[in-house]
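Trainee: By the numbering used here, the letter at position 126 of the sequence shown is numbered 149, and the numbering carries on one by one without gaps.
For glycine and all other residues, C-beta sits at the position ideal for the given N, C-alpha and C.
All figures in this text were calculated on a predicted structure; none of them were measured in a lab.
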Amino acid sequence: MGDDKYAREMSRGPSYLILDNGAFEGEQQSGSTLQHLASKVGADEVVLPDVRGDAKGTLEASLRALKLARGGLRVMFVPHGKTLDEWKRCLDTWVEEARNKVEFMTIGVSPMRYLESPEDIWEEALKHAVSFRYPVHLLGVADVGYYAKTVIPTAHRLGLRGMDTSLAFALGARGILLTAGAEKHLLGNPKQYANISMKDRRLIETNMEILRSWVATGEAKVSEFVIRDTCSRWTRYYGRGFATMEQVMKTCGFPAGRYDYREAQIFELDEGDAAYGQLITL
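1) Residue 164 and residue 207 look like a contact to me (Cβ under 8 Å); what is the Cβ gap, rounded to whole Å?
2) Using C-beta distances below 7 Å, list every residue in its chain close to residue 43, excluding the 5 sequence neighbours before and after it, in chain order.
3) Under a Cβ-count criterion, where at least 16 other Cβ atoms within 10 Å of its own Cβ denotes burial, should residue 209 be classed as buried or exposed?
4) Where do the ends of the beta strand (DSSP E) carrying residue 120 lie?
5) Going by alpha carbons, who is nearest to residue 73 out of 114, 63, 65?
6) Can you check which of these residues, 235, 59, 65, is closest to residue 38 by C-alpha distance?
7) How would you label residue 217, buried or exposed, when you count the other beta carbons within 10 angstroms and need 16 or more for buried?
8) Quick one, which of 174, 212, 213, 191 has its alpha-carbon nearest residue 233's?
9) Pull up the DSSP beta-bridge partners for residue 160, would you.
10) On the criterion of 16 or more Cβ atoms from any shown chain inside 10 Å, does residue 162 qualify as buried, or is it exposed?
11) Give the list of continuous alpha helix (DSSP H) stretches no shorter than 4 residues that lie fully inside the stretch 210-252.
12) Is any beta-carbon of chain B found at less than 8 Å from that of residue 183?
13) Closest by CA to residue 224, which one among 213, 195, 241?
14) Would the beta-carbon of residue 92 fall within 8 Å of that of residue 132?
15) In the structure shown, what three-state DSSP assignment does residue 82 receive?
16) Whole angstroms is fine: what's the gap from residue 130's alpha carbon to residue 214's?
17) Would you call the CB atoms of residue 103 and residue 76 closer than 8 Å?
18) Can you grab the Cα-Cα spacing for the pair residue 88 / residue 182, in whole Å?
19) Provide the residue span of the alpha helix (DSSP H) that contains residue 100, from first to last.
20) In angstroms, rounded to a whole number, what distance separates the CA positions of residue 116 and residue 56?
21) If you check the beta carbons only, do residue 175 and residue 241 fall under 8 Å apart?
22) Output the distance between the C-alpha atoms of residue 97 and residue 127, rounded to the nearest integer angstrom.
23) Using 8 Å for Cβ pairs, my map puts residue 149 next to residue 120. What's the rounded Cβ distance?
24) CB-CB under 6 Å to residue 134, same chain, minus the five flanking residues each way: which ones, in chain order?
25) From this set, 198, 228, 171, 211, which residue's C-alpha is nearest residue 244's C-alpha?
26) Could you give the DSSP three-state label for residue 199: helix, strand or coil?
27) When DSSP labels each residue in this structure, what does residue 283 get in the three-state scheme?
28) Could you check the C-alpha separation between residue 200 and residue 122 for me, to the nearest Å?
29) Thinking C-beta only, is residue 107 closer than 8 Å to residue 146?
30) Got a sec? Which residues, its chain only, sit under 8 Å from residue 15 by beta carbon, not counting five neighbours each side?
This is the structure in structure tokens:
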């Protein structure tokens, strides 16, 4: 993190800040480097070093970095293993070794792409992690359809703490509406997003609202408040003379004769509904 301006902006932000270890990007950082970066950006939590698919290597690296937990900083341990049983043993060993050394601990569960048939074992691994009664955090999305149909309802049912993903942003920046059938796009180099159009910015905001709705309800559907939040911008445009009522109605997908978005009864829309499809025209 050589960008001091970015570090200062992050340190002043109001959000809960989790510092990743760079393993997924192939830039794994040592415990001492993570400690320095955490202090630099004012991180609330740090993902401990992990080694993809390697239970022993992950345990050794994470235990060496336990000094990060000093001073009340929360740490996140990400278990690994070549099989589900090995993954479970890795987590069991970590909890046994660290429970008396760490005041604030989170268990991070990755999509486990490196395992054969990860979708078949993911839910069982998640239930095992939840059984320890530590906060559980999901790390990334491997497949949008699987995430929408399986991960969202499972996470909602088990009461997981949260999940980090660039999905809503990466799709919106490419002009793609977030639906259960959307194809995943990797974030890539952040510098490529320096000049995002206003249309794509609005779509990113809409995707974020859709994702929040999925998480809040446990279903990959768009609730009424997403439509209202999106369309309220257009009613303001109408009120200020920047848009005609016909444009508002067409954009928000309301039936003919329905002039007040607050009166529209639109619940649990999916990609087959007109109002949902019209969101992308904002």
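Mentor: Reading from the atomic positions:
1) 7 Å
2) 70
3) exposed
4) Note, residue 120: premise wrong, no beta strand (DSSP E); alpha helix (DSSP H) at 107-121.
5) 114
6) 65
7) exposed
8) 191
9) 131, 185
10) buried
11) 221-240
12) Given the protein chain composition of this structure (a single chain), no chain B is represented.
13) 195
14) no
15) helix
16) 31 Å
17) yes
18) 28 Å
19) Where residue 100 is concerned, there is no enclosing alpha helix (DSSP H), although the beta strand (DSSP E) it sits in stretches over 97-100.
20) 25 Å
21) yes
22) 5 Å
23) Going by Cβ atoms, the distance from residue 149 to residue 120 rounds to 21 Å, so no, they are not a contact pair.
24) 163, 165
25) 171
26) coil
27) Low per-residue confidence applies at residue 283: pLDDT is 40, beneath 50, and the placement is therefore not dependable, though the value from the model is reported in the following sentence. Three-state DSSP puts residue 283 in coil, outside helix and strand.
28) 43 Å
29) no
30) Look at the range of the chain in this structure, 24 to 305, and you will see that residue 15 is not part of it.
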